[in-house]
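Here's the structure, in structure tokens; my notes come after.
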Amino acid sequence: MRGRLERLADAVDAIVPLVREVDDVGGRNAERFQAAADRLRNVPLGRADRNAVLRDLEALLGAGSGRLSDRYLVHDDGRPDLERSRTFTELVARIRSQAWWLRHLPF
138 MRGRLERLAD
148 AVDAIVPLVR
158 EVDDVGGRNA
168 ERFQAAADRL
178 RNVPLGRADR
188 NAVLRDLEAL
198 LGAGSGRLSD
208 RYLVHDDGRP
218 DLERSRTFTE
228 LVARIRSQAW
238 WLRHLPF
């Protein structure tokens, strides 16, 4: 199971720089993502603690208009950055899915 948590932590690490660009609350969400990745990777977690971290990740990336997962990235001149926005969207979907599955595995 540690391998799955490591892969999830890697995905969270990958999204942190992108979250810093789309975050409009002073970078606090990026810090929360980084803290979650560090906890998954470095702290031996019991099931309840692990599930709390996973629920936090799911909540941070909840779907809906105006939510963090609904954002897109732009170039310096204001044009949409389609490639990085696609990467961001793919990471959002992967993290949400992996967090949900890991939370519901029976162990």
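Heads up: the sequence shown begins at 138 in our numbering, then just goes up one per residue. Virtual Cβ for every residue (Gly too), placed ideally from N, Cα, C.
(message) Please tell me whether R169 and A146 are closer than 7 Å, where the distance is taken between their beta carbons.
(response) no
(message) From the DSSP secondary-structure annotation, give me the bridge partner or partners of V229.
(response) Paired residue(s): none; V229 is not in a bridge.
(request) Measure the beta-carbon distance from R144 to L191 and round it to whole angstroms, keeping in mind my assumption that it falls under 8 Å. (result) At roughly 13 Å, the Cβ-Cβ gap does not stay under 8 Å, so R144 and L191 are not in contact.
(request) Would you tell me roughly how many angstroms separate the C-alpha atoms of A151 and H212, rounded to the nearest one? (result) 19 Å
(request) Give a yes or no on whether the C-beta atoms belonging to E158 and L210 are separated by under 7 Å. (result) Less than 7 Å separates the beta-carbon of E158 from that of L210.
(message) Spatial neighbours of L198 within its chain, please: C-beta separation below 7 Å, excluding the five flanking residues on both sides.
(response) L205, S206, V229, I232 and R233
(request) Return the first residue and the last residue of the alpha helix (DSSP H) that V211 is part of. (result) Unbroken run through V211: none, as it is neither H nor E.
(request) Quick one: grab the DSSP three-state call for P243. (result) Note: P243 maps to coil in three-state DSSP.
(request) Label L155 either buried or exposed according to how many other C-beta atoms from any shown protein chain fall within 10 Å of its C-beta, with 16 as the threshold for buried. (result) buried
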